[in-house]
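Have a look at the structure below, then the notes.
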Amino acid sequence: MHLAKLEINGFKSFPHRTELLFEEGLMGVVGPNGCGKTNILDSIRWVLGEQRASLLRSSKSDEVIFNGTADLPPTDMAEVSLKIKNSRGVLPIDYDEIVITRRLYRSGDSEYLINNKQCRLKDITELFADTGMGTHAYSVFQTGMIDIILSDNAEERRYLFEEASGITKYKARKKEAVKKLENTEADMLRLQDLLAEISKNVRSLRRQAARARRYKSIREELRELEAVYAAAKAYDLELNARDREGSLLGLKSQREGLTAIIDKGEAEVQNLKIQINQLDEKIAGETEKTAALDNQIIRIENKIDNIQRSLKNGRDNVNSWDTEIEALRQRVKLFAEQKQQASEQYLQNQTELTQLDAAVIQAESETLSRKAKIDESRQRLDRIREELHRAENELVAWRTKLESARNALDNLANRGQQLDSSLTTYQNRKEESSRNLAVQKERLRQNQEQIAELERWISSNQQSQVSLAAQLDNIKRTISSYTANRSALEARYDLLAQMIAHHEGYGSGVKTILGWNQKPVGVIDTLANLISSAEKYHLAVEAALNKYGQLIVCNSYDDAAACIDYLKRNSSGRASFL
């Protein structure tokens, strides 16, 4: 193995591309102090993978990039390539010439290449392991290393002897394997924590499901009350329509009798005037009833509008639940991917940990179980949507019935106009009846008896109307009571929603972070909101959490650091992060 060529570009004191050729035999680099002799040695260390800035005589890794002078601008990259002849096959690679390249950019990105193909630092380290070259090998001797060889301390000399004997590579692999096992174990523990957290997130979904059930119960109760009220109104309208129709039929028969009576006498005409006045009063009463019905229809339409707004709010809540469920599904998917990666690393580095494999299988089954519960929650939300849709259809049906009732009232008004025209005809016939007044005295008496009977019939109908009015008042009082209960429930719901929106019960720092509009995306929520349990365990869970319930859960350390910095800048109190 022979070092054939060193190519330096932008490294320390080499702003331009510089090539150094090394022939067979001994080579020396001479020059005055400060000309860059040691930088050549540093470049060899650096391209072989040296990571310690102190050994490269720098305080930071990016200080190896040429920083510029009064005449030359700084470079954006440091690059060193080392060409090695491998004709004797010392290096375990099927090439006679090997070029090792390392690049470092001011952005902090770095690249390693073997024969212009990207690789890892680990690949370069393993390539030169036990060959006498490398960042810790004896290919580059310093004064301190000679002191180590001459030292009486066996521990200090062991490393050089291990490198020479060829066991360094295996020790490095052992160290790396142990580190991977430790990382895998830590990942498995973290995965178990994440899976446990998923099970706790069901609490939020259960609270939302409870709200949905409570809303459904109130909505069903309101719908039943509306149905009872509408049925009562429809029955009342039907009775009024029948009464009006019966009244009109009676008036028709009376008109025929009165026509004959008017033709025969003046006295009967005078009585007809009285009857006509009574009919006018009845029509006026019917008009007032029609106006009252119109007012009731307006009130019903207002209630329908309120129900529609409630339905819209319910749909908005369902959409927000869909969003939360989708976010939870994405988190479950992410956790599953992390679990898979951890399991693969675990299988590659430790085949004896079968118990952890069993734990992974159990975690997978728990994940599938949580997914099934999420799907079940989504199905419940779909059923809620269907019920909301049916409620809208029922509202449309009631609106159609109300429109039919309004049309019936319009028909009654038209009949009243027809009666007005009939009364005009009666007035015309009045003049003709004056000529037959003397002949119709006897029939006048009979007509008076008929009028008395008609008055008794009207009195009976008025009593029926009073009874119906009393029933309607009872229904109205029942509806008023349920409406008051509904208003109280809505007020309580609004109060709870307002308390949640303002994060009541949390410290000032926690409130500030939760209400921060520009908080990092990785800020999830408080630990209390992410943990869920069965309803019977709520008090026990809250007591166990105590002050830890106000911990703010973040995806990364950077997210938590950004929140802490924000609290310090605004003097907004303290908060703890997880």
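Residue 611 is where the sequence shown ends in this note's numbering, and the numbering goes up by one at each step. Even for Gly, the Cβ is constructed at its ideal location relative to N, Cα and C. Since the model is a prediction, treat every value here as computed from it, not as a measurement.
Using the C-alpha atoms, what's the distance from R240 back to R136? Cα to Cα, the separation comes out at about 55 Å.
Please tell me whether G582 and G540 are closer than 8 Å, where the distance is taken between their beta carbons. A distance of 8 Å or more separates the beta carbons of G582 and G540.
Between D558 and the rest of its own chain, which residues show a CB-CB distance below 7 Å, the 5 nearest in sequence each way excluded? V586
Start-to-end residues for the beta strand (DSSP E) that takes in D558: 556-559
Along the chain, where does the alpha helix (DSSP H) that runs through K155 open and close? 154-161
Please report how far the alpha carbon of T51 lies from the alpha carbon of N42, in whole angstroms. The alpha-carbon atoms of T51 and N42 are separated by roughly 6 Å.
Inter-residue spacing [alpha-carbon to alpha-carbon] between E419 and E209: 58 Å
Given a cut-off of 8 Å, decide if A37 and I117 are closer than it, judged by their beta-carbon atoms. yes
Straight-line Cα distance separating D591 from K552: 12 Å
Is DSSP giving T545 helix, strand or coil here? helix
Between F47 and E96, what straight-line distance do the alpha-carbon atoms span, to the nearest angstrom? 13 Å
Below 8 Å between beta carbons: does that hold for V80 and I126? no
Tell me whether the beta-carbon of L563 lies closer than 8 Å to the beta-carbon of E230. yes
Contacting residues, own chain, Cβ-Cβ under 7 Å from R236 (five flanking each side not counted): I564, S565, S566
If the criterion is Cβ atoms closer than 8 Å, does the pair A608 and V543 meet it? yes
Alpha carbons only, please: which of V63, G64, H49 is nearest the one belonging to T102? Checking every option, the nearest Cα to that of T102 belongs to H49.
Going by C-alpha to C-alpha distance, which of H35, L39, L584 sits closest to E57? H35
Pair within 8 Å by beta-carbon distance, S114 and E40: yes
Sub-8 Å separation of Y145 and D109 beta-carbons: Going by C-beta atoms, Y145 is not nearer than 8 Å to D109.
When burial is assigned at 16 or more other CB atoms within 10 Å of the CB, is C596 buried or exposed? buried
Give the single residue among A187, S76, V574, Q225 whose Cα lies nearest to the Cα of L560. V574
Is it right to say R90 is buried, meaning 16 or more other beta carbons lie within 10 angstroms of its own, or is it exposed? exposed
According to DSSP, is T217 part of a helix, a strand, or is it coil? helix
Locate the beta strand (DSSP E) running through I618, then write down its first and last residues. Any question about residue 618 goes unanswered here, given that the chain covers just 34 to 611.
K204 classed as buried or exposed, judged by whether at least 16 other C-beta atoms fall within 10 angstroms: exposed
Near F610, what residues of its chain come up, given a Cβ to Cβ distance below 6 Å and the 5 sequence neighbours on each side ignored? I585, C587, A593
Close-in-space but distant-in-sequence residues of the same chain around N119 (CB under 8 Å, 5 per side omitted): M34, I126, Y128, D129, E130, I131
Name the one or two DSSP bridge partners that N42 has. DSSP lists E112 as partners of N42.
Taking the C-alpha atoms as reference points, what is the distance between N100 and A187? 42 Å
In the DSSP output, which residue or residues are listed as bridge partners for I131? Note: I131 sits in a beta bridge opposite I117.
Taking the alpha-carbon of S76 as reference, which of I546, S94, V554, A517 has the nearest alpha-carbon? S94
Quick check on E112: buried or exposed, where buried means 16 or more other Cβ atoms within 10 Å of its Cβ? buried
Which residues does DSSP pair with L224 in a beta bridge? For L224, which the question treats as bridged, DSSP gives no partner whatsoever.
Count the other CB atoms within 10 Å of the CB of K45; is the residue buried (16 or more) or exposed (fewer)? Here K45 is buried: its Cβ has 16 or more other Cβ atoms, across all protein chains shown, within 10 Å.
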